[in-house]
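Participant: The numbering of the sequence shown is the working numbering, which starts it at 51 and goes up by one.
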Amino acid sequence: MADTQFDSALDLLRRLSPRDTGRSLQSITTLVPDLTEDLLSSIDQPLEVRRCSKSNRDYLLCDYNRDGDSYRSPWSNEFDPPLEDGTVPSERVRKLEVAANEAFDVYRDLYYEGGIGSVYFWDLDDGFAGVVLLKKGVTPGGKSSGAWDSIHVFEATDRARMSHYRLTSTVILHLANQTDALGEMDLSGNMTRQIETDLPVESDASHIANVGRLVEDMELKMRNLLQEVYFGKAKDVVGDLRSLASLSETNQDRAAHREMINSMGKR
């Protein structure tokens, strides 16, 4: 019965707007509380922001830095609300986490020109894993709104002078605009891609460079795919369905076009 309910919940969430994933999850878990942990660990939802009281820097919340109802800050390595026995990475993996946050903070500034980024690592028996989070939103206050959330989850498995990386990337995009000519427009969706590869490792610093390269390449591919396929298709559909010109103006243009064709045929 539980498996059936879980599959039905996943099927329902896939059909609802990604912008409302958080609210939809809350409604489902209120009806079926036993699914809470499984759904929170299986569903990517728009990232929320919290301020680290110790470092006074913003960080992003997700299931990977959550322990119960508390979230760990990548800057202070402390939980909010405080936890005495919260799960934290080992000393070696924590050093890698600090270096990764510094590296991706530069990446965020160069590629996003703002926004918020957070990186979290945790230990595995044969290596380590982590998640790279990036969020950029439209400044509120105007008629346009939107947000880009990218979630890159990876595993690094140690091998002789090599490491096997498996990266799963998800982009959640929401755009809304309102104009007097076109009215309201709301476009939202998500995309997930996965790759696996082996890369050489000379030291722990190599892991940061390898993960950075994989995330950068994946984001570039997904941005191009969104722009060329999804936005291009949406533009074609909207262009066929709606026009800024009035119907009378369109009919006049068609009549002028037919008259021109007819006059050229008579010659």
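Ideal Cβ positions, reconstructed from N, Cα and C, are used throughout, including at glycine.
Which word fits residue 83, buried or exposed, when buried means at least 16 other C-beta atoms lie within 10 angstroms of its C-beta?
Facilitator: Residue 83 comes out exposed.
Participant: Evaluate residue 310 with the Cβ neighbour count: other Cβ atoms within 10 Å of its Cβ, from every protein chain shown; 16 or more gives buried, anything less gives exposed.
Facilitator: So residue 310 ends up on the exposed side.
Participant: So residue 241 and residue 221 are supposed to be a Cβ contact under 8 Å. How far apart are they, rounded?
Facilitator: Correct: roughly 5 Å between the Cβ atoms.
Participant: Cβ atoms of residue 183 and residue 110: under 8 Å apart, would you say?
Facilitator: Yes, they are a contact pair.
Participant: Give every residue of the same chain whose Cβ lies closer than 6 Å to the Cβ of residue 260, excluding the five residues on either side of it in the sequence, and list them in chain order.
Facilitator: Same-chain partners within the cutoff: 249.
Participant: Indicate the three-state DSSP secondary structure (helix, strand or coil) for residue 118 in the structure shown.
Facilitator: Coil at residue 118, not helix or strand.
Participant: Just verifying my parser: in three-state terms, what is the DSSP assignment at residue 222?
Facilitator: In the structure shown, residue 222 sits in a strand (DSSP, three-state: E or B).
Participant: Taking its Cβ as the centre, do 16 or more other Cβ atoms sit within 10 Å of residue 132, making it buried, or is it exposed?
Facilitator: The residue is exposed, with fewer than 16 neighbouring Cβ atoms inside 10 Å.
Participant: Just how far apart, CA to CA, sit residue 201 and residue 302?
Facilitator: Approximately 51 Å between the Cα atoms of the pair.
Participant: Can you find the residues in the same chain that come closer than 6 Å, C-beta to C-beta, to residue 214, ignoring five residues on each side of it along the sequence?
Facilitator: So the qualifying residues of the chain are 207, 248.
Participant: Excluding the 5 residues preceding and the 5 following residue 244 in the sequence, name in chain order all residues of the same chain whose CB lies nearer than 8 Å to its CB.
Facilitator: Excluding residues within five positions, the ones whose Cβ falls inside 8 Å are 216, 217, 218, 219.
Participant: What's the C-alpha gap between residue 299 and residue 308?
Facilitator: Distance between the alpha carbons of residue 299 and residue 308 is about 14 Å.
Participant: Please report how far the alpha carbon of residue 272 lies from the alpha carbon of residue 175, in whole angstroms.
Facilitator: Near 31 Å, if we compare the C-alpha coordinates of residue 175 and residue 272.
Participant: For residue 157, write down the residues that DSSP places opposite it in a beta bridge.
Facilitator: Paired residues: none, contrary to the question.
Participant: I need the straight-line Cα distance from residue 91 to residue 305, nearest angstrom please.
Facilitator: If you take the alpha carbons of residue 91 and residue 305, they lie about 60 Å apart.
Participant: With DSSP run on the structure shown, which of helix, strand or coil describes residue 128?
Facilitator: In the structure shown, residue 128 sits in coil (DSSP, three-state: anything other than H, G, I, E or B).
Participant: Would you give the residue range spanned by the beta strand (DSSP E) that residue 93 belongs to?
Facilitator: No beta strand (DSSP E) holds residue 93; DSSP gives it neither H nor E.
Participant: Are residue 89 and residue 80 closer than 8 Å when you measure CB to CB?
Facilitator: Not in contact: residue 89 and residue 80 (Cβ atoms no closer than 8 Å).
Participant: The beta strand (DSSP E) that contains residue 211, what's its start and end?
Facilitator: Premise fails: residue 211 is in no beta strand (DSSP E) and is neither H nor E.
Participant: Rounded to the nearest angstrom, what separates residue 123 and residue 239 at their Cα positions?
Facilitator: The straight-line gap from Cα to Cα measures roughly 28 Å.
Participant: Tell me, to the nearest whole angstrom, how far the beta carbon of residue 320 is from that of residue 257; I am working on the premise that it is less than 8 Å.
Facilitator: No answer is possible for residue 320: it lies beyond the span of the chain, which begins at 51 and ends at 317.
Participant: Using the three-state DSSP reduction, which class does residue 247 fall into: helix, strand or coil?
Facilitator: Reduced to three states, the DSSP call for residue 247 is strand.
Participant: Just the C-alpha distance for residue 284 and residue 278, rounded to the nearest angstrom, thanks.
Facilitator: Going by the C-alpha atoms only, they are around 10 Å apart.
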